[in-house]
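Novice:
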Amino acid sequence: MLVAAVPLPTYNQVTKHNLVQMQPLIVLLLKQAAFIALDAEFTGLGHNMAATRASDIQDRYQHLCGLARSHALVAFGLSIFIKDQSSSSASDTDQTDGTTSSQHVYNVHNFNFSMLSETDYAVSPRSMIFLAENGLDLNQWIMEGIPYSGGDRQANDGGRGNSNGIMRSIFKRIMTRQVPVVVHNGFLDLIFLYHSFYAALPPKLGTFVADLSDMFPAGLYDTKYISDYITRERSSFLAYLYRKYERDDLCARDADDPSSLKKSFSTFKVQPRLSLPTVEDKVIPETELLEGQVAFCQDYAFHGVCKKNMRCGKSHDLDLILDAEEEQRDSKKRKKQKRRHDTRETGDGAEALSEKSEGASSEAPAITAGTNEAKTATTTAMPAPMTSIARTAENVVQPGEKFHSAYFDAFMTGTIFSHQLNQHTLELIEGQAKSKIYLIGKNFPLMVEKSAFSKYSAEHERQRAL
219 MLVAAVPLPT
229 YNQVTKHNLV
239 QMQPLIVLLL
249 KQAAFIALDA
259 EFTGLGHNMA
269 ATRASDIQDR
279 YQHLCGLARS
289 HALVAFGLSI
299 FIKDQSSSSA
309 SDTDQTDGTT
319 SSQHVYNVHN
329 FNFSMLSETD
339 YAVSPRSMIF
349 LAENGLDLNQ
359 WIMEGIPYSG
369 GDRQANDGGR
379 GNSNGIMRSI
389 FKRIMTRQVP
399 VVVHNGFLDL
409 IFLYHSFYAA
419 LPPKLGTFVA
429 DLSDMFPAGL
439 YDTKYISDYI
449 TRERSSFLAY
459 LYRKYERDDL
469 CARDADDPSS
479 LKKSFSTFKV
489 QPRLSLPTVE
499 DKVIPETELL
509 EGQVAFCQDY
519 AFHGVCKKNM
529 RCGKSHDLDL
539 ILDAEEEQRD
549 SKKRKKQKRR
559 HDTRETGDGA
569 EALSEKSEGA
579 SSEAPAITAG
589 TNEAKTATTT
599 AMPAPMTSIA
609 RTAENVVQPG
619 EKFHSAYFDA
629 FMTGTIFSHQ
639 LNQHTLELIE
649 GQAKSKIYLI
659 GKNFPLMVEK
669 SAFSKYSAEH
679 ERQRAL
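Numbering (the numbering used here), first residue to last: 219 to 684.
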């Protein structure tokens with residue numbers, strides 16, 4: 219049966235320019251989440267593809283950790299599924315056989331974080347071509363990606379202007395939300411996200427698993443594992459499951475379909491892009507740029523190089539630097555002229571001032587006399603030119619959206635999870651799939667639970683104590 223495809227969902231593009239403004243909005247939405255879906259895109263899988271499927275899981279884990287350390291996160295997809303309280307689940311009972319249909323309505327917010335590693339990393343040309351063909355704007359990624367450094371090197375404080383801290387703060391909010399966190403074939407995704415936003419990867423798989431079990435107390439769910447071992451689908455790759463379930467839900471909503479009364483289905487209200495609060499440009503006089511409120515980077519102004527690079531936060535605009543230098547020279551010149559003018563007024567100009575006070579007709583000559591001095595005084599009194607140094611953050615998505623990207627993979631993963639909950643009870647899915655991550659080439663999952671013989675990593679212990 220031919221069923222029309224639903225248009226691609228809208229999403230919020232998060233870059234280094236709007237991350238600070240997006241953070242409180244994302245945190246607010248996370249507080250309302252029924253469940254959360256994640257996806258990660260990275261710069262490649264290295265040359266030794268066989269090692270990613272190593273028979274020994276510890277060996278496989280160590281190889282994948284090496285990939286996460288040597289490669290970089292390109293994009294992080296986040297989909298937040300919120301139960302629509304105004305459209306609570308509706309149920310209708312078929313009088314003939316007693317079967318019930320129910321509709322579950324979710325408001326969905328999608329986010330695509332452009333990530334740019336500040337440390338050197340390897341790139342697989344084949345992987346980057348694949349990402350570019352599926353919507354990754356390489357120019358936007360380089361120019362607007364959120365700077366980050368993996369491992370333990372950055373404070374986990376979420377401070378203003380500290381992109382590492384902000385991303386780690388958002389990730390920690392996801393961890394502590396106490397709702398299901400959903401991935402699809404997510405072993406490598408979790409390794410990359412742990413390394414990028416949480417801590418240095420521990421050498422032992424048991425330690426990593428122990429950390430994950432404590433980081434996600436409400437459970438990790440892998441839709442690929444569910445589709446292979448619980449719902450028993452013929453195929454379980456992401457796009458296949460998404461389209462199949464999309465067709466099923468569309469048919470279930472069709473009132474003319476008699477079988478619709480025997481199905482439970484979900485409706486997803488994908489929310490429009492968030493409107494960011496307007497940022498008023500901070501405008502300061504150019505004379506103040508050299509008096510502690512420096513809008514341009516002094517290192518760059520003197521040496522043409524800035525060690526902080528993208529993290530600098532100050533302008534490397536040469537025109538702004540040259541304008542400020544000219545303003546400084548003009549300011550010094552005006553000060554010298556004013557000093558000369560003041561000296562003449564207190565000395566040779568005393569008699570003229572006396573005449574001005576005595577004769578009423580002397581006011582007119584005073585305006586025309588000393589024309590240069592009058593001009594100097596006027597110039598000094600004029601307000602300094604104003605320079606805008608702030609950039610208004612935007613939430614703009616570039617054209618070229620394709621079927622495969624971090625935000626869309628996260629969205630597909632979440633909708634598949636919802637359908638799987640509809641196929642079975644929440645209790646069954648939780649009992650059979652909670653904290654079980656799919657392992658390629660294995661007929662058993664990775665059990666995300668702390669062993670009695672494993673310990674938490676030192677970094678996780680430190681963060682637990684915060």
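From the three backbone atoms N, C-alpha and C, an ideal C-beta is built for every residue, glycine too.
Going straight from the alpha carbon of GLU336 to that of HIS642, what length do you get?
Specialist: 44 Å
Novice: Which residues mark the beginning and the end of the alpha helix (DSSP H) in which SER636 is found?
Specialist: That run of the alpha helix (DSSP H) goes 624-641.
Novice: Do you know how far the Cα of ARG391 is from the Cα of LEU248?
Specialist: Rounded to whole angstroms, LEU248 to ARG391 spans 7 Å at the Cα level.
Novice: Is the beta carbon of VAL397 closer than 9 Å to that of THR441?
Specialist: no
Novice: To the nearest angstrom, report how far apart GLN681 and LEU256 are at their CA atoms.
Specialist: 22 Å
Novice: Judging by CA-CA distance, which residue of LEU408, PHE415, GLN358 and ASN403 is the nearest neighbour of ASN380?
Specialist: Ranked by Cα distance from ASN380, the options LEU408, PHE415, GLN358 and ASN403 are led by PHE415.
Novice: Quick one: what's got a C-beta closer than 6 Å to PHE629's C-beta in the same chain, skipping five residues either side?
Specialist: PRO227, SER297 and ASN328
Novice: When you compare only the Cα positions, how much space is there between GLU544 and LYS532?
Specialist: 19 Å
Novice: Could you give the DSSP three-state label for PRO398: helix, strand or coil?
Specialist: coil
Novice: PHE626: which of LEU456, ILE300, GLN321 and LEU246 sits nearest, CA to CA?
Specialist: Ranked by how close their Cα comes to the Cα of PHE626, the residues LEU456, ILE300, GLN321 and LEU246 have LEU456 in first place.
Novice: Under a three-way DSSP split, which group does PRO490 fall into?
Specialist: coil
Novice: Using CA atoms only, rank isn't needed, just tell me which of GLU679, ARG386, ASP432 and GLY649 is closest to HIS413.
Specialist: ARG386
Novice: Counting contacts by CB-CB distance shorter than 9 Å, is ALA628 in contact with chain D?
Specialist: The structure shown contains no chain D; it is built from a single protein chain.
Novice: For PRO421, which of TYR439, SER636 and HIS281 has the nearest alpha-carbon?
Specialist: HIS281
Novice: How long is the line joining the alpha carbons of TYR447 and TYR656, rounded to whole angstroms?
Specialist: 10 Å
Novice: Could you compute how far the alpha carbon of LEU291 sits from the alpha carbon of GLU667?
Specialist: 26 Å
Novice: Would you tell me roughly how many angstroms separate the C-alpha atoms of ALA651 and HIS637, rounded to the nearest one?
Specialist: 14 Å
Novice: Can you tell me the Cβ-Cβ gap for ASP467 and SER484, rounded? I've got them flagged as a contact below 8 Å.
Specialist: With a Cβ gap of about 6 Å, ASP467 and SER484 count as contacting.
Novice: Please classify GLN231 as buried or exposed, where buried requires at least 16 neighbouring CB atoms within 10 angstroms.
Specialist: buried
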